[in-house]
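Novice: I'd like to ask some things about the structure below.
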Amino acid sequence: MPDRLKILPWGTSDTRYGKITVGPITLAALPANQAAAKFDHVAIDYQHNSVPGTKFYVGEPVRLAARMATPEVIEGEGLFLSAIDWLADVETLKSYPDLSACVKTDKAGNVTFLHSCAAARQGEVDGITLPLAADPFNNVINTDEDSMDFKNLLIAILGLTATATDAEIEAAAKKFGEAESDETRSSANEGSDAKTLAAAIETALKPLSAEISTLKNADVARERQMIITLAAHEGKVIPASALPDKDGKGGLDNTALKALCAELPVTVPVDRRTPLSGPLHTLSASPLGAGGDEKIRQSMGISKERWDKKD
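With the first letter of the sequence shown counted as 1, position 302 gets the number 754 in the working numbering; the numbers rise by one all the way through.
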């Protein structure tokens, strides 16, 4: 049993009931209509016996050839049924050699909905729209070109009440158009407005820029003084040419000055590098306090004569 069947070709087909078309409108509308009507799956019946109002419909339960199949529109190819769940066997279907799609079309003949497909004895060439005594598709989305209510659409866009007159709609539309023109002009002036805004920002930021520059210069001077102080502590003499003059001009930048100081030899004696202020710490006093040396000698088993010799 086939798992997939082509039931209508892509393009326009001639039938006894007029022309029907499977095309771009079908591709867009049919899947949405199937979902809206809860017809994600459709049946394959016998002679349209599942369609109310047709000659062979006698009510439920309905005898089916396949309990469900999935409608599928393929651009450039046509309308198909796939994933078919067959109930009939091959021998039964031999009595119904043709297929007849039960579809709904818009006024232009575009196929927009599939109710079911019939295993038929005599189907239309390339498929057929079955005329129905009762129309079960009243709630299906309509794709007719003249179905759009443009007045209500304008009322919704313009924010008017449902009772708005034609004159009120016209006046609101003119006002809407004028507002759009103002917005367009505003967009055209956007370039000049942006330049004005940029100039205003630059003026406002000048004092802040000067303050930042001052802080940056102070940081540079502080870093230079730290380099000089560290060099003096290490006993190194920095050449005068590497330092700025009294006006702060000349000399090496901090990176170069730091590199120079790392390479300078120690030229100041160690005793000159000892600070003359602040507490001086010595290790001459025993950490054990008074009599501590004697306690250490005794605990180590050293004679007093040897201890006094410090050998």
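Every residue gets a Cβ at the ideal spot worked out from N, C-alpha and C, and that includes glycine.
#1: Whose CA, out of THR617, LEU716, LYS698 and ASP550, lies closest to the CA of LYS458?
#2: Distance, Cα to Cα, ALA560 vs GLU529?
#3: What whole-angstrom Cβ distance do ASP497 and LEU516 have, given they're in contact under 8 Å?
#4: Buried or exposed for HIS669, going by 16 or more other Cβ atoms inside 10 Å?
#5: For ILE472, is the classification buried or exposed, using 16 other Cβ atoms within 10 angstroms of its Cβ as the cut-off for buried?
#6: Quickly, what does DSSP pair PHE565 with across the bridge? List them, please.
#7: Does DSSP put ASP760 in a helix, a strand or coil?
#8: Going by the CB atoms, is the gap between SER552 and HIS500 shorter than 8 Å?
#9: For SER534 versus ARG456, is the C-beta distance shorter than 8 Å?
#10: For ARG519, I'd like the list of residues in its chain whose CB is within less than 6 Å of its CB, leaving aside the five on either flank, ordered along the chain.
#11: From which residue to which residue does the alpha helix (DSSP H) around VAL428 run?
#12: Return the first residue and the last residue of the alpha helix (DSSP H) that THR707 is part of.
#13: What separation, rounded to the nearest whole angstrom, lies between the Cα atoms of ASP699 and ASP671?
#14: Starting from THR522, trace the beta strand (DSSP E) both ways and give me its first and last residue.
#15: Taking C-beta to C-beta, are ALA616 and ILE607 nearer than 8 Å?
#16: Roughly how many whole angstroms lie between the Cα atoms of ALA571 and SER502?
#17: Does DSSP put ALA571 in a helix, in a strand, or in coil?
#18: Considering only residues of the same chain and omitting the five flanking positions on each side of PHE508, which have a CB-CB separation below 8 Å?
#19: On the CB-based measure, 16 or more other CB atoms within 10 Å of its CB, does ASP541 come out buried or exposed?
#20: Would you mind giving the Cβ-Cβ distance between ALA683 and CYS713, rounded to the nearest angstrom? I have them listed as a contact below 8 Å.
#21: Round the Cβ separation of PRO454 and VAL474 to the nearest angstrom and send it over; I've been treating them as touching at under 8 Å.
#22: Identify whether THR719 lies in helix, strand or coil by the three-state DSSP scheme.
#23: When the Cα atoms are used, what is the spatial distance from PRO696 to ASP705?
Specialist: To lay it out plainly:
#1: What you label residue 458 is simply residue 6 of the sequence shown in a count that begins at 1. Comparing Cα-Cα distances from LYS458 to each of THR617, LEU716, LYS698 and ASP550, the minimum goes to ASP550.
#2: Within the sequence shown, the letter at position 108 stands for residue 560. Within the sequence shown, the letter at position 77 stands for residue 529. Roughly 20 Å separates the two Cα atoms.
#3: For the purposes of this step, residue 497 is identified with residue 45 of the sequence shown, where counting begins at 1. For the purposes of this step, residue 516 is identified with residue 64 of the sequence shown, where counting begins at 1. Going by Cβ atoms, the distance from ASP497 to LEU516 rounds to 5 Å, so yes, they are a contact pair.
#4: Within the sequence shown, numbered from 1, the residue matching residue 669 stands at position 217. According to the sequence as given, residue 669 is Asn; it is not His. Looking at its Cβ environment, which holds fewer than 16 other Cβ atoms inside 10 Å, ASN669 is exposed.
#5: Counting from 1 along the sequence shown, the entry for residue 472 is found at position 20. Under this definition ILE472 is a buried residue.
#6: Locating residue 565 in the sequence shown gives position 113, where the first residue counts as 1. According to DSSP, PHE565 bridges with LYS556.
#7: Locating residue 760 in the sequence shown gives position 308, counting from the first residue. Helix at ASP760.
#8: If you number the sequence shown from 1, residue 500 lands on position 48. If you number the sequence shown from 1, residue 552 lands on position 100. A contact, by the Cβ cut-off of 8 Å.
#9: Position 82 of the sequence shown holds residue 534. Position 4 of the sequence shown holds residue 456. Yes, the Cβ-Cβ distance between SER534 and ARG456 is below 8 Å.
#10: Taking the sequence shown and counting its residues from 1, the one referred to as residue 519 is at position 67. Result list for ARG519: ASP537 and LEU539, in chain order.
#11: Look at the range of the chain in this structure, 453 to 763, and you will see that residue 428 is not part of it.
#12: Counted from its first residue, the sequence shown places residue 707 at position 255. That run of the alpha helix (DSSP H) goes 706-715.
#13: For this step, residue 699 is matched to residue 247 along the sequence shown. For this step, residue 671 is matched to residue 219 along the sequence shown. If you take the alpha carbons of ASP699 and ASP671, they lie about 17 Å apart.
#14: Looking up residue 522 in the sequence shown gives position 70. From DSSP, the beta strand (DSSP E) with THR522 extends over 516-526.
#15: Within the sequence shown, residue 616 is the residue found at index 164, counting from 1. Within the sequence shown, residue 607 is the residue found at index 155, counting from 1. Contact flag set, yes.
#16: Locating residue 571 in the sequence shown gives position 119, where the first residue counts as 1. Locating residue 502 in the sequence shown gives position 50, where the first residue counts as 1. Whole-angstrom Cα-Cα distance: 11 Å.
#17: In the sequence shown, the residue the question calls residue 571 occupies position 119. ALA571: strand per DSSP, three-state reduction.
#18: Start at 1 with the first residue of the sequence shown, and residue 508 comes out as number 56. Here the set comprises TYR498, GLN499, HIS500 and ASN501.
#19: Sequence index remark: in the sequence shown, residue 541 carries index 89 (1-based). Classification for ASP541: exposed.
#20: Residue mapping note: residue 683 aligns to position 231 of the sequence shown, counting from 1. Residue mapping note: residue 713 aligns to position 261 of the sequence shown, counting from 1. The Cβ separation is near 4 Å, so the contact holds.
#21: In the sequence shown, counting from the first residue as 1, residue 454 sits at position 2. In the sequence shown, counting from the first residue as 1, residue 474 sits at position 22. PRO454 to VAL474, Cβ: 20 Å. No contact.
#22: One-based indexing of the sequence shown puts residue 719 at position 267. Reduced to three states, the DSSP call for THR719 is coil.
#23: Numbered from its first residue, the sequence shown carries residue 696 at position 244. Numbered from its first residue, the sequence shown carries residue 705 at position 253. Looking at the two C-alpha atoms, the distance is approximately 9 Å.
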